[in-house]
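Under numbering that gives the first Met the number 0, the first residue of the sequence shown carries the number 0, and numbering increases by one thereafter.
Cβ coordinates follow ideal geometry from the N, Cα and C atoms, glycine included.
First comes the structure, then the notes that go with it.
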Amino acid sequence: MDFSWTEEQDLWRRTVRDFAQKQIKPRVREIDTSKKIPEEIIKGMAQLGLLAPTTAKEYGGAEVNWTMASIAAEELGRADISLAIPVLYLVESAWGFIFSQYGTKEAKKEYLPKITSGKAFCGIAVTEPTGGSDIVGAAKTQAVKSGNHWILNGEKMFISGITESSKWGGVHLTLARTDPSADYKGFSFFAVPLKDNPSIETTLLEDMGRMGISTGGFVMKDVKLPAYHLIGELNRGFYYAMEGFSAARVLIGATCVGAAEAALELGREHIKNRTAFGQPLGSFEGVQFPLAEHYCNIEGVKLLTYKAAWIMDKMYKEKKFNHHDVALAAAISKLRAPIHAFEVMNEVADWLGATGYTKEYPIEMGIRGVRSYSIGAEGTMNIMRIIIARELLGKEFLPYKS
Ligand SMILES: Cc1cc2nc3c(=O)[nH]c(=O)nc-3n(C[C@H](O)[C@H](O)[C@H](O)COP(=O)(O)OP(=O)(O)OC[C@H]3O[C@@H](n4cnc5c(N)ncnc54)[C@H](O)[C@@H]3O)c2cc1C
Numbered sequence: 000m001d002f003s004w005t006e007e008q009d010l011w012r013r014t015v016r017d018f019a020q021k022q023i024k025p026r027v028r029e030i031d032t033s034k035k036i037p038e039e040i041i042k043g044m045a046q047l048g049l050l051a052p053t054t055a056k057e058y059g060g061a062e063v064n065w066t067m068a069s070i071a072a073e074e075l076g077r078a079d080i081s082l083a084i085p086v087l088y089l090v091e092s093a094w095g096f097i098f099s100q101y102g103t104k105e106a107k108k109e110y111l112p113k114i115t116s117g118k119a120f121c122g123i124a125v126t127e128p129t130g131g132s133d134i135v136g137a138a139k140t141q142a143v144k145s146g147n148h149w150i151l152n153g154e155k156m157f158i159s160g161i162t163e164s165s166k167w168g169g170v171h172l173t174l175a176r177t178d179p180s181a182d183y184k185g186f187s188f189f190a191v192p193l194k195d196n197p198s199i200e201t202t203l204l205e206d207m208g209r210m211g212i213s214t215g216g217f218v219m220k221d222v223k224l225p226a227y228h229l230i231g232e233l234n235r236g237f238y239y240a241m242e243g244f245s246a247a248r249v250l251i252g253a254t255c256v257g258a259a260e261a262a263l264e265l266g267r268e269h270i271k272n273r274t275a276f277g278q279p280l281g282s283f284e285g286v287q288f289p290l291a292e293h294y295c296n297i298e299g300v301k302l303l304t305y306k307a308a309w310i311m312d313k314m315y316k317e318k319k320f321n322h323h324d325v326a327l328a329a330a331i332s333k334l335r336a337p338i339h340a341f342e343v344m345n346e347v348a349d350w351l352g353a354t355g356y357t358k359e360y361p362i363e364m365g366i367r368g369v370r371s372y373s374i375g376a377e378g379t380m381n382i383m384r385i386i387i388a389r390e391l392l393g394k395e396f397l398p399y400k401s
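What follows is the structure in structure tokens.
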């Protein structure tokens with residue numbers, strides 16, 4: 000066992016940190032208020048290879064492994080505590096990877112170079128208005144083959160990156176039923192471009208946080224896609240979705256670690272300098288002890304998250320683990336990371352006193368942003384618990400019919 004970083008990992012962290020602290024951190028409030036990520040930041044991310052970095056080099060990606068991808072996620076979370084840029088980063092990393100692994104050559108050639116250069120977006124569209132957790136039971140979107148095309152009808156809701164995809168171009172990997180008589184084995188994945196598509200109507204939602212990236216939905220009425228927009232094998236879409244979710248959950252863990260570290264560092268400085276009753280706040284045990292507890296929790300989540308990234312690297316490179324091992328490790332990280340990050344931020348808001356309730360500090364952006372992950376982006380907390388219990392007890396103990 001070796002807990003040290005390699006030279007390459009150290010250099011990558013320093014490079015991303017330098018960029019993120021200089022170019023992103025000073026603009027987070029502006030991003031939160033203007034509700035968009037500045038073009039210069041997107042360009043800078045593209046230059047550093049931070050857009051869909053897990054995709055193949057052939058299409059402009061950096062082919063980084065999951066440990067490297069997690070290091071960047073942590074640094075982006077540390078710089079943008081609102082989590083808007085980390086969301087853009089991790090959604091494209093996870094789903095760009097699935098696209099890169101399973102998409103057709105034509106589709107990848109058409110979209111991936113634009114995605115990795117910041118000219119297009121890559122998102123995920125699984126959830127429907129009728130439900131996200133029970134997607135197998137709830138999904139109504141259907142895809143029917145017609146000659147050399149697929150025709151899609153249905154509605155997706157609570158989808159990240161609707162404005163980005165509609166304005167910049169790119170695709171949302173969209174889950175649709177291709178065999179209505181089958182259960183989860185009847186879904187396929189399609190690359191659906193939202194921009195300038197008259198058969199697609201988009202809607203936008205007003206979120207609580209992570210304001211720099213949009214959330215919304217889209218209705219598809221006879222959307223006609225060329226056959227090469229099918230991703231991977233027919234009726235294997237559910238498996239690809241689960242694979243992408245595991246990857247996204249590990250990056251969420253890393254992002255939350257970074258944001259929690261930034262919040263705790265801010266709080267630590269404050270309690271060292273702010274005095275009450277003639278001494279620094281940090282000298283009171285009532286303040287010190289939570290500091291120690293939160294520090295331990297973040298360290299714990301960090302270990303869980305990088306262990307999950309390491310398991311993924313071992314699976315993809317050496318086939319030493321399988322998708323169940325990855326799903327379990329990713330669910331553990333996703334179950335713990337947003338909760339601890341939220342608790343840290345909530346505590347730091349207390350330490351800041353009245354200023355903790357103002358926009359003087361970024362903490363309130365963090366609290367709003369990190370809640371998206373405990374509420375349910377990329378799977379709710381209870382779904383993480385169900386995955387963990389499934390791996391411990393067996394599939395036959397699932398609380399629903401699979
Ligand atoms: C900010 C944000 C961004 C998102 N971006 C995307 C995106 O880009 N693409 C996408 O496809 N989706 C996205 N989602 C949707 C997300 O995946 C869903 O919100 C999530 O899967 C939960 O679905 P739901 O909202 O329909 O809640 P429901 O499935 O209705 O669940 C409601 C509650 O019931 C609980 N519950 C459900 N079943 C059980 C059970 N068997 N046992 C115990 N408790 C249960 C859940 O844990 C939850 O607390 C996003 C969500 C948010 C908040």
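### Buried or exposed by the 16-neighbour rule on C-beta atoms within 10 Å, applied to H323
Looking at its Cβ environment, which holds fewer than 16 other Cβ atoms inside 10 Å, H323 is exposed.
### Task
Check the DSSP bridge columns for R235 and list the partner residues they point to.
Paired residue(s): none; R235 is not in a bridge.
### Query
How far does the alpha helix (DSSP H) with N296 in it reach, from first residue to last?
Residues 284-317.
### Task
Report the residue from D17, D79, V191 whose alpha carbon sits nearest the alpha carbon of I36.
D79
### Alpha-carbon spacing of T14 relative to Q8, whole angstroms
10 Å
### Query
Ordered along the chain, which non-local residues of its own chain (more than five positions away) have a Cβ less than 8 Å from that of L397?
I385, R389
### Task
With DSSP as the reference, label N152 as helix, strand or coil.
strand
### Task
Throw me the rounded Cβ distance for the A307 and M241 pair, which I believe falls under 8 Å.
Between M241 and A307 the Cβ distance is about 15 Å, and since that is not below 8 Å, they are no contact.
### Query
Do you know offhand how far L224's Cα is from G95's?
19 Å
### A275 versus A329, E205, W350, residue with shortest Cα-Cα distance
W350
### Query
Using a Cβ-Cβ cut-off of 6 Å (strictly less than) and excluding sequence neighbours within five positions of A61, which residues of its own chain qualify?
Only G48, P52 meet the Cβ criterion.
### Query
Residue ranges of each beta strand (DSSP E) run of no fewer than 3 residues wholly in the segment 9-92, ordered along the chain?
none
### Task
Have a look at E163 and G131 and give me their C-alpha separation to the nearest angstrom.
22 Å
### Message
Quick check: what's the CA-CA separation for G281 versus M207?
### Response
32 Å
### Query
Taking the Cβ atom as the reference point for each residue, do L303 and G243 lie within a distance shorter than 8 Å?
no
#### Entry: Where V222 falls: helix, strand or coil (DSSP)
strand
### Query
Would you call the segment 133-142 and the segment 262-272 touching, i.e. three or more CB-CB distances under 8 Å?
no
#### Entry: P337 burial status per 10 Å Cβ neighbour count (16 or more: buried)
buried
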